[in-house]
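Numbering (my numbering) for the sequence shown: 298 to 560.
Positions of the beta carbon are idealized from the N, C-alpha and C atoms, including for glycine.
Heads up: the structure comes next, in structure tokens.
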Amino acid sequence: MLDFLHWVRDMEFDLIFAKAGIDLSDKRLLEIGAGSGYQLAKLQKITREALGVDIFESNYAEVRSANVVLYDGHHLPFADQSFDVIFSSNTLEHIPHLEEIHREFKRVLKPGGLCLHVVPTHHWKLRQLVGFYLLLPAMLWRRFFPSTKQTPSQAVEAAVLQTPEVTSNQGSKSIGQKLRNLFLPEHHGERGNVFSEYFYFRPRWWEKHFEDNNWTILKNEGLGLFYSPYAFLGQKLSASQRMQWSKWWGSSCQLFLIKPKEE
């Protein structure tokens, strides 16, 4: 499953910078939510310098690269006006205090700096909801009649990919919580609930959010890729087919290129 996630991120990576239309060769870039550093390694090849941050509680904290700095999720550990570009991929929806982190973005951006954010859409969320209940019988069978024990690496993959596997903290949960995890999909982000976050994932919500936090939107565009959190058809569905499917069923992610509003 993690191989599928990397495959999707590779496709997204190429589309992001083709659509953004910015030259990063002389830029210093900060990636927010850099995880293991997989995308950061690619960013380092197309920028003058690229660094990443992730929170201490990250699933990737133990396997991160040397260029990923752990931080408290509130205060970026860099001086004012340190970066030309701030980049995030499928990260902002996981940040509960967005207004605070926007102030930090503006603090560490150089004059004329840009933010490039990629966020999941309501189309992705709908696929999560529908896919969960289509797969629920098979997942319940695997839960109650397991053929093999889950390895630590599989537990990490399950947490990252939002698949309802048994994770290390299951034993501490109440019966009600365990039942909820069995019959409700994962609440992916920090706003709303497992169902209402569909509306928070709409590009229009993000558009208003950025405007309310004094950002000027330069680009607001779907990436044009179809995928779901359940690796539907895996790599059997090619990149070109996924692009075509997104025209029918909607893009799974939206790109926003923004800059601070002039005071």
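Taking DSSP's pairing of strands, which residues face residue i in a bridge?
i, result
"L348", "L327"
"G519", "Q551"
"I383", "L327 and C412"
"K556", "T513"
Do residue j and residue i come within 8 Å of each other at the CB atom, strictly closer than that value?
i, j, result
"F498", "H419", "yes"
"S493", "G521", "no"
"V350", "L321", "no"
"W503", "F496", "no"
"L552", "A317", "yes"
"R345", "D323", "yes"
"E390", "V427", "no"
"N535", "Q425", "One point to set straight first is that residue 535 is Ser, not Asn, in the sequence displayed. No, the pair does not count as a contact, with Cβ atoms beyond the cut-off."
"F287", "S543", "In the structure as shown, the chain starts at 298 and stops at 560, and residue 287 therefore has no counterpart that could be examined."
From this set, the options, which residue's C-alpha is nearest residue i's C-alpha?
i, options, result
"F310", "G409, L337, I383 and K324", "L337"
"K407", "I313, Q341 and Q378", "Q378"
"F301", "Y527, K544 and W542", "Y527"
"L437", "P482, P374 and F375", "P482"
"F353", "S385, V416, G332 and L340", "G332"
"S385", "R345, L326, S525 and H484", "L326"
"V365", "D381, Q341, N387 and V382", "Q341"
"E518", "W546, L534, W545 and C550", "C550"
"H506", "Y335, K339 and H399", "H399"
"F314", "I343, L432 and Y335", "I343"
"C412", "Q425, H484, K422 and T388", "T388"
"G409", "D369, I319, Y335 and H484", "I319"
"F480", "P434, F442 and S525", "P434"
"W546", "L312, W421, K339 and I329", "W421"
"K339", "H303, F523, L515 and F442", "H303"
"H484", "P443, L423, L432 and R539", "L423"
"G370", "K533, L312, G330 and K516", "G330"
"I383", "P443, M540 and E328", "E328"
The alpha helix (DSSP H) with residue i in it runs from where to where?
i, result
"D509", "P500 to D509"
"Y527", "Taken as a continuous stretch (DSSP letters only), Y527 belongs to no alpha helix (DSSP H), as it is neither H nor E."
"L340", "Y335 to L340"
"R539", "A536 to W546"
"E483", "Run containing E483: none; DSSP gives neither H nor E here."
"F496", "E494 to Y497"
Mind checking which residues open and close the beta strand (DSSP E) that includes residue i?
i, result
"V416", "L406 to P417"
"L373", "L373 -> no beta strand (DSSP E), and no H or E assigned at all."
"V365", "V365 to Y368"
The stretch 552 to 560 / the stretch 395 to 412 touching (three or more Cβ pairs under 8 Å): When C-beta atoms of the stretch 552 to 560 are compared with those of the stretch 395 to 412, three or more pairs fall below 8 Å, so the two segments count as touching.
Contact between the stretch 480 to 492 and the stretch 388 to 398 (3+ Cβ pairs under 8 Å): The stretch 480 to 492, when compared against the stretch 388 to 398, does touch it at the 8 Å Cβ threshold.
Sufficient close CB pairs (3 or more, under 8 Å) joining the stretch 502 to 516 to the stretch 366 to 377: Touching, no, given that fewer than three Cβ pairs across the two stretches are closer than 8 Å.
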